[in-house]
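Heads up: the structure comes next, in structure tokens.
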Amino acid sequence: MLNRILSALALALGLAGCSVTAPPRDNAQWTSDVHGVSITWRWTAPGALGEPVADGVGGFRTVGGHAEVRPGAASCVVDLDPTVIRQQLTRVAAHEAGHCLQARYLKVFADPQNPDPYTHQLFERWAEAYAQAYLRACGQSLRALGWRDPIAPNCAAPPHPNDIPFSL
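So the sequence shown is numbered by my numbering: it starts at 2 and just counts up by one.
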């Protein structure tokens, strides 16, 4: 119980301390509902989410998505860069949806033992665990996240946040 309270406090302080600058975007947006969270999806202008960041293993990672959320909120906004390749779009969208669910269900943890330094960050590990669980359950289809997608999903619904383990 104490761990859950401390995790919720850490999540609230971390998210409340964020300074968000909305990138330029076009009018392409739609909303879907995922496990009680209303997610507004928006396409940004290509490259508007920022410069590529070091991935910690000698390469660079393009910033493909960004979620604006508040702790405990039942809605969020996800900005996506339309230049993300289709093979990565599902993972990026599921990861950002993971941030929305993370805030609503107060899920937070880091994994300092993982070789990927990105997952050492307190607010990234659970969202990435959600994305990986989504890919295992639903495949490359975005339909379970409320998108129109010609690819048929392998699942009836996306994974529930309470079913995501705190380690992979």
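Glycine included, every Cβ here is placed at the ideal spot set by N, Cα and C. The model shown is predicted, which means the values in this text are computed figures rather than measured ones.
- Between Leu146 and Ala74, the C-beta gap is not smaller than 7 Å, which leaves the two residues out of contact.
- DSSP, read as helix, strand or coil, puts Gly37 in coil.
- In the DSSP assignment, Leu107 falls outside any beta strand (DSSP E) and carries neither an H nor an E.
- Note: Gly66 is bridge-paired with Leu81 in the DSSP secondary-structure output.
- Contact between Ile86 and Ala134 does not hold, since the beta-carbon distance rounds to 22 Å and is not under 8 Å.
- Put simply, the backbone Cα of Leu81 is about 5 Å away from that of Trp44.
- DSSP places Arg149 outside both helix and strand once states are collapsed to three, so it counts as coil.
- The three-state secondary structure of Arg137, taken from DSSP, is helix.
- Asp34 has its alpha-carbon roughly 11 Å from the corresponding atom of Ala158.
- In this structure, the straight-line span from the alpha carbon of Pro151 to that of Pro72 is close to 33 Å.
- With respect to the 7 Å criterion, Ala128 and Gln103 are classified as neighbours on the basis of their beta carbons.
- Linking Gln141 to Lys108 through their CA atoms gives a straight-line distance of about 24 Å.
- In the same chain as Leu136, and ignoring 5 residues on each side of it, the C-beta atoms closer than 7 Å to its own belong to Thr91, Arg92, Ala95, in chain order.
- Across the set His100, Pro83, Thr41, the C-alpha of Pro83 shows the shortest separation from the C-alpha of Leu50.
- Around the beta carbon of Pro160, 16 or more other beta carbons lie within 10 angstroms, which makes this residue buried.
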